[in-house]
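>
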Amino acid sequence: MEHSAFHRISSELHWLSKTTTRKLTHVVHCKNLPPSITSWSLKGSICDYCALYLPEGLFILVRTVDELLLLREANQAWLELRLATSRNVTAPYICKEGESIYISYVMVEEGKLRFVVRSLASGVWNSQEAGRKLHSPQGQWKVKQSAFSLGDAHMLYGLLQLHIEEEQLDILVCVRINLLDVQSAHWQELGRHYGGTGDWQLSLARDEGNLHHASWGIPIDDSHGCHYYYCTLHAMRPRPVLVWKEEGTQSSVPHFIFGNGLMLLLFMREDGHMVYGISLDQGRHWQRANWISFGDKSSFLFTQITGVRDEQYYPMTALGVGDPEYRIFNWFDLCCPWLFWQNENPYVLHHALEAQLSYLHSLIKEKAADWVYEVTHLAEQKAAIDQQLQRIMVQWETLEHKEKELESRLRLLATADDMEHLPLRHIR
Numbered sequence: 007m008e009h010s011a012f013h014r015i016s017s018e019l020h021w022l023s024k025t026t027t028r029k030l031t032h033v034v035h036c037k038n039l040p041p042s043i044t045s046w047s048l049k050g051s052i053c054d055y056c057a058l059y060l061p062e063g064l065f066i067l068v069r070t071v072d073e074l075l076l077l078r079e080a081n082q083a084w085l086e087l088r089l090a091t092s093r094n095v096t097a098p099y100i101c102k103e104g105e106s107i108y109i110s111y112v113m114v115e116e117g118k119l120r121f122v123v124r125s126l127a128s129g130v131w132n133s134q135e136a137g138r139k140l141h142s143p144q145g146q147w148k149v150k151q152s153a154f155s156l157g158d159a160h161m162l163y164g165l166l167q168l169h170i171e172e173e174q175l176d177i178l179v180c181v182r183i184n185l186l187d188v189q190s191a192h193w194q195e196l197g198r199h200y201g202g203t204g205d206w207q208l209s210l211a212r213d214e215g216n217l218h219h220a221s222w223g224i225p226i227d228d229s230h231g232c233h234y235y236y237c238t239l240h241a242m243r244p245r246p247v248l249v250w251k252e253e254g255t256q257s258s259v260p261h262f263i264f265g266n267g268l269m270l271l272l273f274m275r276e277d278g279h280m281v282y283g284i285s286l287d288q289g290r291h292w293q294r295a296n297w298i299s300f301g302d303k304s305s306f307l308f309t310q311i312t313g314v315r316d317e318q319y320y321p322m323t324a325l326g327v328g329d330p331e332y333r334i335f336n337w338f339d340l341c342c343p344w345l346f347w348q349n350e351n352p353y354v355l356h357h358a359l360e361a362q363l364s365y366l367h368s369l370i371k372e373k374a375a376d377w378v379y380e381v382t383h384l385a386e387q388k389a390a391i392d393q394q395l396q397r398i399m400v401q402w403e404t405l406e407h408k409e410k411e412l413e414s415r416l417r418l419l420a421t422a423d424d425m426e427h428l429p430l431r432h433i434r
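When you read off a place in the sequence shown, starting at 1, and then add 6, the result is the number in this note's numbering.
1) Quick check on this structure: which residue in Trp21, Gln174, His160, Val188 has the alpha carbon closest to the alpha carbon of glycine 201?
2) Determine whether the Cβ of tryptophan 250 lies closer than 8 angstroms to any Cβ atom of chain D.
3) Of the residues Leu419, Asp158, Ile177, Ala385, which one's Cα is nearest the Cα of isoleucine 183?
4) When you compare only the Cα positions, how much space is there between arginine 138 and proline 330?
5) In angstroms, rounded to a whole number, what distance separates the CA positions of methionine 322 and glycine 313?
6) Let me confirm a value: valine 327 is counted as buried when at least 16 other C-beta atoms fall within 10 Å, else exposed. Which label applies?
7) Provide the residue(s) that pair with histidine 13 in DSSP beta bridges, ordered along the chain.
8) Roughly how many angstroms lie between the CA atoms of tryptophan 206 and proline 98, to the nearest whole one?
9) Which of helix, strand or coil does DSSP assign to tyrosine 332?
10) Given that a residue counts as buried once 16 or more other Cβ atoms are within 10 Å of its Cβ, and exposed if not, what is arginine 275?
11) Quick check: the Cα distance between valine 122 and isoleucine 66, rounded to an integer number of angstroms?
12) If you draw a straight line from the C-alpha of tyrosine 234 to the C-alpha of histidine 279, how long is it?
13) Can you list the beta strand (DSSP E) stretches of 3 or more residues lying completely in the segment 22-70, in chain order?
14) Using DSSP with H/G/I as helix, E/B as strand and the rest coil, what is proline 343?
15) Beta-carbon within less than 7 angstroms of asparagine 349's beta-carbon, same chain only, minus the 5 sequence neighbours each way: which residues are those?
16) Which residue wins for smallest C-alpha separation from aspartate 448, given the options Arg120, Ser23, Thr238?
17) Which of helix, strand or coil does DSSP assign to serine 92?
18) Take serine 190 and list the residues in its own chain whose beta-carbon comes closer than 7 angstroms to its own, dropping the five residues that flank it on each side.
19) Three or more C-beta pairs closer than 8 angstroms, one from the segment 159-178 and one from the segment 285-299: is that the case here?
20) Which one of Leu186, Gly204, Val188 has the shortest CA to CA distance from glutamine 167?
21) What three-state label does DSSP hand aspartate 187 in the structure shown?
22) How would you write the range of the beta strand (DSSP E) that serine 152 sits in, first residue to last?
23) Buried or exposed: which applies to serine 92, given that a residue is buried once 16 or more other Cβ atoms fall within 10 Å of its Cβ?
24) Could you check what DSSP says for aspartate 176 in three-state terms: helix, strand or coil?
25) Could you spell out where the beta strand (DSSP E) holding leucine 271 opens and where it closes?
26) Using DSSP's beta-bridge definition, name the partner residues of isoleucine 311.
27) Please determine, among Lys408, His169, Phe306, Arg315, the residue with the shortest C-alpha to C-alpha distance to histidine 9.
28) How would you call valine 400, buried or exposed, if buried means at least 16 neighbouring beta carbons within 10 angstroms?
29) If I follow the unbroken beta strand (DSSP E) through valine 435, where does it start and stop?
30) Give every residue of the same chain whose Cβ lies closer than 8 angstroms to the Cβ of glycine 267, excluding the five residues on either side of it in the sequence, and list them in chain order.
31) The beta strand (DSSP E) with methionine 242 in it runs from where to where?
32) Give me the Cα-Cα distance between serine 1 and glycine 223, rounded to the nearest whole angstrom.
33) Tell me, please, which residues DSSP counts as bridged to glycine 278.
34) Write down the C-beta distance between valine 95 and leucine 74 rounded to the nearest angstrom, noting that I regard them as a contact closer than 8 angstroms.
35) Which residues does DSSP list as the beta-bridge partners of leucine 395?
36) Note down, in chain order, each residue of its chain lying with its Cβ closer than 8 angstroms to the Cβ of arginine 417, except the 5 sequence neighbours on either side.
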């Protein structure tokens with residue numbers, strides 16, 4: 007991951023960023039106090055890093071050009087642990103489940119892909135790995151991009167973009183690994199593309215039901231655009247679906263939003279436009295993509311945050327707004343994004359407001375006929391219920407009248423002196 011990391015601890019706002027090619031800076035913002043700044047200078051250039059905020063402190067997994075390091079906070083000091091010394095280390099990831107911290111990375115050596123998982127529990131390190139042969143008539147494979155998501159029961163899901171320069175071939179591979187039994191890893195190829203299009207934009211997320219969903223964008227050189235795909239990972243044989251073709255713009259990281267049985271997949275364009283599609287059936291079908299404009303100077307940015315679920319802690323990429331106060335983008339922003347842009351210029355606010363009102367107007371116009379039909383249907387149902395209630399009231403009044411007549415006759419029978427008791431007459 008190359009995005010800055012954000013985490014809130016009570017009233018403290020923590021930001022971790024790569025300020026230079028060899029320096030990481032950790033800034034803590036507190037209300038009514040100047041920011042607290044801590045920096046680390048590393049020997050090699052930083053390729054990417056993965057941050058995890060735990061109750062016991064901050065853990066940072068850093069990959070440089072020739073080694074993999076673990077930086078951790080302990081007793082207001084920072085410790086540095088070298089995990090691997092190789093230029094072939096890629097795709098670092100760190101997470102925690104239960105009492106164990108898991109660190110994974112990928113190495114490609116001699117035509118074989120090695121997925122290494124190291125775990126730390128009670129001060130003891132353990133190591134496991136899974137391998138897969140990579141077949142190529144010529145050239146050397148390398149991992150260009152990766153994305154990971156931690157599932158339940160120690161399951162780790164990953165996407166790897168494998169590239170071989172000599173053949174201009176890219177392959178997207180999905181891996182499912184049980185962190186307690188790494189050797190039983192399951193590999194699945196999701197797609198391949200010829201043409202050497204560069205880095206793909208990968209995204210992995212899990213919904214409220216612990217189902218995992220993947221999306222990726224493939225840049226297309228000839229059209230200067232990008233094709234975005236979606237695939238669910240809980241199926242035995244995942245089948246990618248083309249969600250959107252975007253032309254004339256650079257690719258961006260796909261972002262998932264889940265809620266109330268709906269799944270939203272969105273992409274931020276460089277001009278501030280947000281393109282999004284909605285699925286009502288877990289990604290099997292997608293509605294026609296829509297877009298919303300947030301202005302040319304959109305303040306939305308991708309960050310790393312620490313997700314927490316049950317006894318799990320895991321880094322995840324989120325789309326949000328605000329600095330230093332950061333808020334994750336959600337369903338509400340599709341209706342009222344301008345309410346949270348207090349620092350934006352009036353033109354951008356007006357542009358966003360106009361675009362949103364136009365979208366809401368078209369939505370109401372399209373749904374007006376359905377709303378009128380529903381209201382009319384409810385009115386007809388109410389009229390029918392009223393008529394039925396009136397008939398019931400008439401029957402009720404009739405029964406009350408008959409009851410009064412019967413009571414009157416019984417009183418007359420009870421007061422007659424020359425008439426024998428009714429049961430005695432029946433006995434005779």
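By construction, the Cβ of each residue, glycine as well, lies at the ideal position given by its N, Cα and C atoms.
Just so it is clear, the structure is predicted and the values come from calculations on it, not from any experiment.
For this structure:
1) Numbered from 1 along the sequence shown, position 195 holds the residue referred to as residue 201. Nearest of Trp21, Gln174, His160, Val188 to glycine 201, Cα basis: Gln174.
2) Among the protein chains of the structure shown there is no chain D, as only one such chain exists.
3) By 1-based counting over the sequence shown, the position of residue 183 is 177. Comparing C-alpha distances from isoleucine 183 to each of Leu419, Asp158, Ile177, Ala385 shows the shortest one belongs to Asp158.
4) Mapped onto the sequence shown, residue 138 falls at position 132. Mapped onto the sequence shown, residue 330 falls at position 324. Cα to Cα, arginine 138 sits roughly 43 angstroms from proline 330.
5) For the purposes of this step, residue 322 is identified with residue 316 of the sequence shown, where counting begins at 1. For the purposes of this step, residue 313 is identified with residue 307 of the sequence shown, where counting begins at 1. Between methionine 322 and glycine 313, the C-alpha separation is close to 6 angstroms.
6) For this step, residue 327 is matched to residue 321 along the sequence shown. That one is buried.
7) In the sequence shown, counting from the first residue as 1, residue 13 sits at position 7. His20, per the DSSP bridge assignment.
8) Sequence index remark: in the sequence shown, residue 206 carries index 200 (1-based). Sequence index remark: in the sequence shown, residue 98 carries index 92 (1-based). Using only the alpha carbons, I get a separation of about 17 angstroms.
9) Working through the sequence shown from its first residue, we reach residue 332 at position 326. Correct three-state label for tyrosine 332: coil.
10) Start at 1 with the first residue of the sequence shown, and residue 275 comes out as number 269. Looking at its Cβ environment, which holds 16 or more other Cβ atoms inside 10 Å, arginine 275 is buried.
11) Numbered from its first residue, the sequence shown carries residue 122 at position 116. Numbered from its first residue, the sequence shown carries residue 66 at position 60. Roughly 18 angstroms between the two C-alpha positions.
12) For the purposes of this step, residue 234 is taken as residue 228 along the sequence shown, with counting starting at 1. For the purposes of this step, residue 279 is taken as residue 273 along the sequence shown, with counting starting at 1. So the alpha carbons of these two residues sit roughly 16 angstroms apart.
13) If you keep only unbroken beta strand (DSSP E) runs of at least 3 residues inside the segment 22-70, you get 29-35, 42-47, 52-60, 63-70.
14) Walking along the sequence shown from the start, residue 343 turns up at place 337. Summary for proline 343: the model assigns pLDDT 47, below 50, so the residue's position carries little reliability, and this model does not support an answer.
15) Translated into positions along the sequence shown, residue 349 becomes position 343. Confidence at asparagine 349 is low in this model, with a pLDDT of 44, below 50, so its placement is unreliable and no value can be given for it.
16) Nothing in the structure corresponds to residue 448, since the chain is present only between 7 and 434.
17) Mapped onto the sequence shown, residue 92 falls at position 86. Serine 92: coil per DSSP, three-state reduction.
18) Taking the sequence shown and counting its residues from 1, one reaches residue 190 at position 184. Correct list, in chain order: Asn184.
19) no
20) Position 161 of the sequence shown, counted from the start, is the residue given in the question as residue 167. When each option's Cα is compared against that of glutamine 167, the closest is Gly204.
21) Counted from its first residue, the sequence shown places residue 187 at position 181. The answer is strand: DSSP assigns aspartate 187 an E or B state.
22) Taking the sequence shown and counting its residues from 1, the one referred to as residue 152 is at position 146. Residues 147-156.
23) Mapped onto the sequence shown, residue 92 falls at position 86. Serine 92 should be labelled exposed.
24) For the purposes of this step, residue 176 is taken as the residue at position 170 of the sequence shown. Strand.
25) Indexing the sequence shown from 1 puts residue 271 at position 265. Where leucine 271 is concerned, the enclosing beta strand (DSSP E) stretches over 268-274.
26) Looking up residue 311 in the sequence shown gives position 305. DSSP links isoleucine 311 through a beta bridge to Met322.
27) Taking the sequence shown and counting its residues from 1, one reaches residue 9 at position 3. Among Lys408, His169, Phe306, Arg315, the Cα nearest to that of histidine 9 is on Phe306.
28) By one-based count along the sequence shown, residue 400 stands at place 394. Exposed, because fewer than 16 other Cβ atoms sit within 10 Å of the Cβ of valine 400.
29) Nothing about residue 435 can be read from this structure; the chain reaches only from 7 to 434.
30) The count along the sequence shown starts at 1 and reaches residue 267 at position 261. Closer than 8 angstroms at Cβ, skipping near neighbours: Leu286.
31) As a first step, residue 242 must be located in the sequence shown, where it is residue number 236. Taken as a continuous stretch (DSSP letters only), methionine 242 belongs to no beta strand (DSSP E), as it is neither H nor E.
32) Any property of residue 1 remains undetermined from this structure, which presents the chain solely from 7 to 434.
33) Looking up residue 278 in the sequence shown gives position 272. In DSSP, glycine 278 forms no bridge with anything.
34) On the sequence shown, position 89 is the one that residue 95 refers to. On the sequence shown, position 68 is the one that residue 74 refers to. Indeed they touch by this definition, with Cβ atoms about 5 angstroms apart.
35) By one-based count along the sequence shown, residue 395 stands at place 389. Its beta-bridge partners do not exist; DSSP assigns none.
36) By one-based count along the sequence shown, residue 417 stands at place 411. Excluding residues within five positions, none has a Cβ falling inside 8 angstroms.
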